[in-house]
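Peer 1: Residue numbers (my numbering): 21 to 1032.
1) Classify residue 1034: buried if its beta carbon has 16 or more other beta carbons within 10 angstroms, exposed otherwise.
2) Span of the beta strand (DSSP E) holding residue 863?
3) Using DSSP bridges, identify the partner residues of residue 714.
4) Using CA atoms only, rank isn't needed, just tell me which of 127, 141, 221 and 154 is closest to residue 175.
5) Give the secondary structure of residue 351 by DSSP, where H, G and I count as helix, E and B as strand, and everything else as coil.
6) Considering only the beta carbon of each residue, do residue 591 and residue 387 sit closer than 8 Å?
7) Could you give the distance in angstroms between the alpha-carbon of residue 61 and the alpha-carbon of residue 51?
8) State the Cα-Cα distance for the pair residue 859 and residue 790, rounded to the nearest angstrom.
9) Who are the Cβ neighbours of residue 548 in its own chain at under 7 Å, not counting the five residues just before and after it?
10) Is the Cβ-Cβ distance between residue 690 and residue 745 less than 8 Å?
11) Measuring only the C-alpha atoms, how far is residue 348 from residue 439?
12) Could you tell me which of 521, 820 and 501 sits nearest to residue 510, measuring between CA atoms?
13) Among residues of its own chain, excluding the 5 on either side of residue 152, which ones have a beta-carbon nearer than 8 Å to its beta-carbon?
14) Does residue 581 have its Cβ less than 8 Å from a Cβ in chain C?
15) Would you decide whether residue 363 is buried or exposed? Buried here means 16 or more other CB atoms lie within 10 Å of its CB.
16) Judging by CA-CA distance, which residue of 641, 665 and 661 is the nearest neighbour of residue 674?
17) Distance check for residue 489 and residue 622, CA to CA, integer angstroms please.
18) When burial is assigned at 16 or more other CB atoms within 10 Å of the CB, is residue 187 buried or exposed?
19) Just to confirm, is the Cβ distance from residue 286 to residue 300 under 8 Å?
20) When the distance is taken between beta carbons, is residue 999 closer than 8 Å to residue 401?
21) Could you tell me which residues DSSP puts in a beta bridge with residue 554?
22) Distance, Cα to Cα, residue 240 vs residue 66?
23) Let me check understanding here. Comparing Cα to Cα, which of 898, 849 and 206 lies closest to residue 877?
24) Grab the span of the alpha helix (DSSP H) containing residue 178 for me, first residue to last.
25) Can you tell me whether residue 823 is buried or exposed, with buried defined as 16 or more other CB within 10 angstroms of its CB?
26) Would you please state the rounded distance, in angstroms, between the beta carbons of residue 120 and residue 78? I believe it to be under 8 Å.
27) Check the C-beta distance from residue 766 over to residue 785 and give it rounded, since I have them as a contact under 8 Å.
28) Write down the C-beta distance between residue 595 and residue 541 rounded to the nearest angstrom, noting that I regard them as a contact closer than 8 Å.
29) Compute the Euclidean distance between the alpha carbons of residue 1033 and residue 922, then round it to the nearest angstrom.
30) Please report the residue range of the alpha helix (DSSP H) in which residue 483 lies.
31) How is residue 529 classed by DSSP in three states: helix, strand or coil?
32) Measuring alpha carbon to alpha carbon, tell me which of 648, 122, 229 and 804 ends up nearest residue 617.
33) Using DSSP with H/G/I as helix, E/B as strand and the rest coil, what is residue 780?
34) In whole angstroms, what is the alpha-carbon distance linking residue 160 and residue 143?
35) Kindly list the residues whose CB is nearer than 6 Å to the CB of residue 624, restricted to its own chain and excluding five residues on each side of it in sequence; keep chain order.
Structure representation (C-alpha cells):
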C-alpha cells in the first residue's frame, strides 16, 4: 500500500487553574498569575444495607496492590456445596473452600487504600440509616490531607445492616450541600450527622467558593427498598424544572423512583444564591457485586442526568478501578480543556488514511508539564473512533469520552492525558541519545559517549547543569531521564520499574514518515518533540519508542522536569517546542525509502529531520533518521553567533526548496530570522534587535548560502526589514520545473514580503530580489497588527481575466492572546506578478509608499456585496473589483487570528480566538472563544448559511466552536473510507460535516513544501 498518508492531530491543551508565573506567552490563557485554585468537594455515599454482608471470593494475591497494610484478612469458607441424600435425609456438604471477604470489607479496604494516596480534594462521608429511612453525614467535609486517618477509621467501623434507602439518602445529600436542616440525619442510627457538619440546627454547606466543583460518588449493591418517604419532597423540589427532559417525571413515585429526577436537578440548579455563578453537583454511581437489570438502568440514568458517569464493580479490582477513574475525572475536571489541532501530511494534503494521531499535553503547576501521544481513527461516518470501534468523542465536551480507549492502550484511558498512549508503552530498554562533543558533523549517535546513561563519563555534571551536586545525584537524575521511576511516581512502591511519562509537546507538530509499505506490510514512524527537550521516534503500529534524542544545550531541562519546582516564582520550561520539517528524499518515487520493512535503504534515498526550539532557544538541529537504530547528528546552527548572529528564537520552520546557484542545483532550507522576545512587552509596532532576516542554508550541511537583513553585511540588504520574522515562509514553484520561483513571508511590523528567486543567476549575490508587498499596521496600539502566521498563497486563473495570486493572512498578538488593545483583521491581497518578478516592487502606482496599505483594500466587513439593495450591492462590487484585495475586521473584542488559513476551490477557511471576558478566578483562566470562518476567497462573501436563516449576512461567515482555547488551523479531511461525498472540515476534535464544500476531489489552490 504505497503513498499511505496519515492525519496528525496535535497540541491538545488540558487547562487547569495552576500557580505559575504567567509571563508574556500564549500560555497565559492556560494559567493564572496567582495561586487561586480551589479543591473540589467529594462526598462518598456508601451502601450499608444488609446485603453488604454477603461474601465475595478473593484469591491469594488479595491486598498485594494496596498501599495500606491494615486491610482485612480473608477467611477460609466453603464456597461450593453439593446436596447429598441418604434415604429421606439430605444435607449440603462442602466440596470446595476458598478465601472470602464480605462486600463491606472489600469496600472498606478499596476506599481506604484510595484515600491513602489521594490528595487535593475535600472529602466527606455519608452512609445509610441502619433502620429504614434516609442516611446521614458521618464525616463533615474537610481537606483529605487532614482527615485521612479519621475517614478510614470511620469507614472501617461500618457494619452491614438495614435496607437500601438510596433516594432518601441522596435527598439528604441535597440538604447538606444546600445548607438546609437535616431531614433524616438528626434522628438516624447507629449515629446522627457529624456535629462538625452542623451549625444552629442546619447543615454547613461544603460549598465555599463560586468555582468549586461538587461531586457525589454513590455506591450500592442493590435496588432501592423502603425508599419512598422523600418522594413528595423531591416532587416539589424539581417541579417545573424537567420540562426539557422527556425521560424524567416530576410526578415520580415509588422506591427510588425520584433518584434520576433529583440528579438532574442537582446538576442544573444553583444551590447557593450568595455565590457568583451556579453551584451544582455532579453525581457518579457505582453498581457493585453483580448488580443488574432495572437497578443498573436507574444508576445509569442518575449518572447521565447527574453530569457524572456510571461504573460497574463486581470485585475489589473493579471497585478500585471505578473509584480511581472517578477521582481522576474529578481532579481533572477543574483542569481539563481541549484544543487539539489537526494537520495532514506535508506530502499529500488531499488524500489521507483513517489514522489519527494526537499529541497531547497537560499544564502543571510548576516547570514540568506532562505529555502523551495517542492514536485513534476516523470511520466511514467521519467520526473519530477508538480502539473498540466506538465514538471516541463526547459530543457534550468535544473531548475524548470517559469510556474511550485509544489504540496502543491496554485499558480504557478515556479523557486522561497521562494514561495510555505511547507513554505507557515505554520500557526500561530505551535507546536515548544526546551529544557530548562540541561540533557535530554527521556524527553517529549510537555510541557509548553519546548515550544518555549514568555510565557515560563524557556526560558531565556541567552539561547537566548540576556541577555542584554529588555523583549519586547525577546517577539518579540520569536514571530518571532514562525512564526509570526512581521517585516512585506511580506509587507502586518500586523505584526500578518504568516511568511512563514524557514531557509536553506544547507547540510542536508531529511528523509521520513512511519507511516502507506494500499491500501486506507497513513500517511508519511518527516523530515529535517536547519541552523536556527530547525528540521521540515512535512506531505507529504499536506505539513503541524507537529512539529519543536530546541536544546538549537542553540537558539542564531534565533536572527542571524532575524536580518540578512549583513555587509561585517558577516559570514554564521550554525545550524543542518549534515546528519540524523533513527531507523525505524518495528518489525513485515509490513512496518510501526502504526496500523492505527494516531492510536496506533504496539507492540514493534518505530521511532528514530539522528541529526548532521556539521559546526553547535560538538553535536549529539536523538529524539523519534514515536508520532509526543508528541516527546521525548532521549539523547544528547556533543563533547569536557567527553567520547566524541575527537569528532569534527559532519559530520559523525550515522549509525545503530547490534552487540553482550559478547553474548548480542545491537543495536548501529557507526560514525566517525568528522571534525577538522584546516583542512580548510592547503594545505598539516596534523595531527589533534580532530576527530581522531571511536565511537560505544548505540542507545537507547547514552552511549559510544567502541571507537578507537590514545589515549592510547581508547578501541582500533591505532597509525595511526592521522587524523580526517568526512566521513560516510559503514557497511557490509556479512553472512546475522543480525549482522554486518565489516565496512570501510576513513580519512583526505588519509587513508582507515577496522574495523572487532567479535560478539563472551567475552568483549567489543574484539569487534573490525582494520587496514589501503590503504594510497593514500603523503606529497606534489599535493598529499594532503583527503577523506570526505564514501567508496562504493561491492562484486565481479564471477564464477571461488576467491571472493573479492571492495572499491570505490574519493578524494577532500571539504572545498575548488575551490582549484587547489591537483591532485585528483578516486580509486577502492580490499580486498580479504571477509568472515574473515585480520589476521594482512598486505595487501601487502613484502612491507615496508604493506598497499596498489598507486604503488600497476593500473593507468587506459588512458584506455589502450581498446587500438586497441593488445600488448598494453594485457599488460594493465595483469597489471590490478596483481594489488590491479586501479585509475583514474581526469585530469581537480582542479577536485575533493565531493560525494560518487554508484555501480550497476558492473557499477560504481560517480560525480566530477571542477572550471571553470572564474574570480570571478560581474557575481558572480565560480560555476564550474559538471561531471558524468560511468565506469566498474572491470577495469575502459567506459561502454557506451558518446560522440557518438567510444566506448573505456577515454572521453567515462564522461558526462558533464548542471548545475554547486557541484553535488551530482548520483541516479538510478526505477520508478514504467515508460514506459521504463531502469530507468534513475539522478544527481540533470538532468535525463540521454539515459544511458542504462540494470538494470531492479537491482542487489544490495553494502550495506546500516540496518533498524533493
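For each residue, glycine too, the CB sits at the ideal point set by N, CA and C.
For clarity, every value in this text was computed on a predicted model and none was experimentally measured.
Peer 2: In short, the structure shows the following:
1) Missing from the structure shown is residue 1034; the chain here goes from 21 to 1032 and no further.
2) Unbroken run through residue 863: none, as it is neither H nor E.
3) Per DSSP, 692 and 728.
4) The candidate whose alpha carbon is nearest that of residue 175 is 127.
5) The DSSP-derived three-state label of residue 351 is helix.
6) Taking 8 Å as the cut-off, the Cβ atoms of residue 591 and residue 387 count as close.
7) Rounded to the nearest whole angstrom, the C-alpha separation of residue 61 and residue 51 is 22 Å.
8) Each residue's Cα considered, the two are about 10 Å apart.
9) If we look at residue 548 and ignore the five residues flanking it on each side, its Cβ neighbours are 379, 393, 525, 528, 530 and 556.
10) The answer is no: Cβ separation not under 8 Å.
11) Their backbone Cα atoms lie some 10 Å apart in a straight line.
12) The candidate whose alpha carbon is nearest that of residue 510 is 521.
13) Hits under 8 Å: 182, 183, 185 and 246.
14) Protein chains in the displayed structure number just one, and chain C is not present.
15) Note that residue 363 scores 39 on pLDDT, short of 50, meaning its location in the model is unreliable and no value can be drawn from it.
16) Among 641, 665 and 661, the Cα nearest to that of residue 674 is on 641.
17) Their backbone Cα atoms lie some 48 Å apart in a straight line.
18) Residue environment: residue 187 is assigned as buried (16 or more neighbouring CB atoms within 10 Å of its CB, all protein chains considered).
19) Yes, Cβ-Cβ distance for residue 286 and residue 300 is below 8 Å.
20) Yes. Within cutoff.
21) Residue 554 is not bridged to any residue.
22) Straight-line Cα distance between these residues: approximately 7 Å.
23) Considering only alpha carbons, the answer is 849.
24) Annotation: residue 178 is outside any alpha helix (DSSP H) and is labelled neither H nor E by DSSP.
25) Around the beta carbon of residue 823, a 10 Å sphere encloses fewer than 16 other beta carbons of the protein chains shown; the residue is thus reported as exposed.
26) Going by Cβ atoms, the distance from residue 120 to residue 78 rounds to 7 Å, so yes, they are a contact pair.
27) About 25 Å separates the two Cβ atoms, so there is no contact after all.
28) Approximately 34 Å separates the beta-carbon atoms of residue 595 and residue 541; this is outside 8 Å, ruling out the contact.
29) Beyond the ends of the chain as shown, which are 21 and 1032, falls residue 1033; an answer cannot be given.
30) Here the alpha helix (DSSP H) through residue 483 covers 481-484.
31) Of the three classes helix, strand and coil, the one that applies to residue 529 here is coil, per DSSP.
32) Nearest of 648, 122, 229 and 804 to residue 617, Cα basis: 648.
33) Coil.
34) Their backbone Cα atoms lie some 8 Å apart in a straight line.
35) The residues are 607.
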